[in-house]
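Student: Residues in the sequence shown are numbered consecutively from 13, following my numbering. All C-beta atoms in this analysis are idealised placements derived from N, C-alpha and C, irrespective of residue type, glycine included.
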Amino acid sequence: MTSTVHAYPIQGERVTLPVRIRDAAVGSAMLAVPAGAAQAVIAYSGLEVAEPLPGKAICSLAFVRYADGDLGPYHEFAVAFLVRPPGGTGSGGVLGRLRGVGAFIHWLPVNQEFTLEAGRTIWGFPKEIADIPMDLAGRVRRCAVRFGGRTAIEVAVRPGIPMPDAAGAPSVDAYSCLDGVTRRTPWTLTPSRVRTRPGGAKVVLGDHPVAEELRGLGLDRARALSSSTVGHLRMVFQGAEEVRP
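Below, the structure is given as structure tokens:
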């Protein structure tokens with residue numbers, strides 16, 4: 013069932029779809045984790061993790077500073093997993109197992125109330141309020157997520173080599189599950205000033221309960237497959253569509 017709502021009242025303001033982000037900066041890392049452990053974490057969604065290699069799933073950690081967009085300025089941290097599209101078979105070798113994959117957003121702390129309400133209301137994104145200090149100007153890009161002074165996770169990313177700007181705007185299906193409803197949101201990205209490299213990321217887990225779940229995935233021991241930084245990112249979020257995995 014596709015949502016036909018194109019405008020939402022959020023805290024006395026009107027948010028109209030599609031939502032546009034005009035300027036953001038990102039640090040991210042991709043890590044291989046045991047597929048069984050990842051599947052157990054996202055089982056509530058009804059989706060299945062993609063396995064580019066048998067027994068391995070891909071977990072993405074990303075921190076974003078939104079400077080200019082329809083939801084205002086804020087910081088965000090995301091834990092996401094590559095997942096098969098609903099009904100996908102994931103067969104045919106590595107490329108076949110990655111065909112049509114989307115990103116299931118499992119955890120999405122933010123540091124502002126407006127984007128929290130908008131994210132949960134419009135797309136069913138699992139946003140919650142946290143303290144998210146980050147440094148995207150230093151030689152090493154850093155971010156932490158803390159609740160009441162307790163650290164859940166800290167991530168540091170070393171920028172890699174410059175990459176050419178993409179000729180077009182790639183589209184990604186972002187999946188979420190909130191209050192038992194799984195949704196798909198088409199998401200278009202236009203990145204520039206991208207740097208990437210193999211490895212290059214360090215993850216430290218703290219003593220907050222969320223850290224225990226992430227520790228169960230082995231994130232504090234996993235070596236990053238790759239890490240990236242994006243100096244300037246534009247994004248467009250369409251409306252969410254309910255899916256039945």
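How should Val-106 be labelled, buried or exposed, when 16 other C-beta atoms within 10 angstroms of its C-beta is the threshold for buried?
Tutor: Any answer about Val-106 is weak, because its pLDDT of 44 lies below 50 and its placement is not dependable; what the coordinates show is given next. Answer is exposed; the Cβ neighbour count stays below 16.
Student: Where in the region 154-239 do unbroken runs of the beta strand (DSSP E), each at least 3 residues long, occur, reported from the N-terminal end onward?
Tutor: Within the region 154-239, complete beta strand (DSSP E) segments of at least 3 residues are found at 162-169, 183-190, 193-210, 213-217, given in chain order.
Student: For Gln-124 and Gly-84, what's the separation of their Cα atoms in angstroms?
Tutor: 9 Å
Student: Give me the Cα-Cα distance between Ala-37 and Thr-241, rounded to the nearest whole angstrom.
Tutor: 8 Å
Student: Pick from Gly-67, Gly-81, Glu-60: whose alpha carbon is nearest that of Gly-99?
Tutor: Ranking the options by Cα distance to Gly-99, first place goes to Glu-60.
Student: Less than 7 Å between C-beta atoms, sequence neighbours within five positions excluded: which residues of the same chain meet that for Phe-126?
Tutor: Ile-22, Gln-23, Leu-83, Gly-84
Student: Check for me: the beta strand (DSSP E) holding Phe-126 runs from which residue to which?
Tutor: It is not in any beta strand (DSSP E) - Phe-126 instead sits in the alpha helix (DSSP H) that spans 125-130.
Student: Between Val-222 and Ala-41, is the Cβ-Cβ spacing less than 8 Å?
Tutor: no
Student: Please name the residue, chosen from Gly-136, Arg-34, Arg-151, Ala-62, that lies closest to Pro-203 on a Cα-to-Cα basis.
Tutor: Arg-34
Student: Which term fits Arg-235, buried or exposed, when burial requires 16 or more other beta carbons within 10 angstroms of its beta carbon?
Tutor: exposed
Student: By the three-class DSSP mapping on this structure, what secondary structure does Ala-50 have?
Tutor: helix
Student: With H, G and I counted as helix, E and B as strand and the rest as coil, what does DSSP make of Ala-36?
Tutor: Strand, per DSSP.
Student: Using 10 angstroms around the beta-carbon of Leu-73, count the other beta-carbons present and answer buried if the total reaches 16, otherwise exposed.
Tutor: buried
Student: Which two residues bound the contiguous beta strand (DSSP E) that contains Val-91?
Tutor: 86-95
Student: Could you please give me the residues that DSSP links to Gly-81 through a beta bridge?
Tutor: Ile-33
Student: Cα-Cα, which of Gly-58, Ala-49, Ala-52 is closest to Thr-194?
Tutor: Gly-58
Student: Would you kindly report the start and end of the unbroken beta strand (DSSP E) that includes Ile-141?
Tutor: Note, Ile-141: beta strand (DSSP E), 139-141.
Student: In chain order, what residues of the same chain have a beta carbon less than 6 Å from the beta carbon of Gly-211, not counting five sequence neighbours either side?
Tutor: Ala-236
Student: Using the three-state DSSP reduction, which class does Ala-149 fall into: helix, strand or coil?
Tutor: Here Ala-149 sits in coil by DSSP.
Student: Let me know if Gly-104 comes out buried or exposed under the rule of 16 or more other beta-carbons within 10 Å of its beta-carbon.
Tutor: Residue placement at Gly-104 cannot be trusted, given a pLDDT of 47 that sits under 50; what the coordinates show is reported in the next sentence. That one is exposed.
Student: Which residues does DSSP pair with His-244 in a beta bridge?
Tutor: Ser-204
Student: Using CA coordinates, which residue listed in Gly-230, Cys-189, His-244, Leu-120 is at the minimum distance from Pro-174?
Tutor: His-244
Student: Tell me which residues share the same chain as Pro-30 and place their Cβ nearer than 7 Å to its Cβ, disregarding the 5 neighbours each side in the sequence.
Tutor: Sequence-distant Cβ neighbours of Pro-30 in its own chain, meaning closer than 7 Å and more than five residues away, are Val-248, Phe-249, Gln-250.
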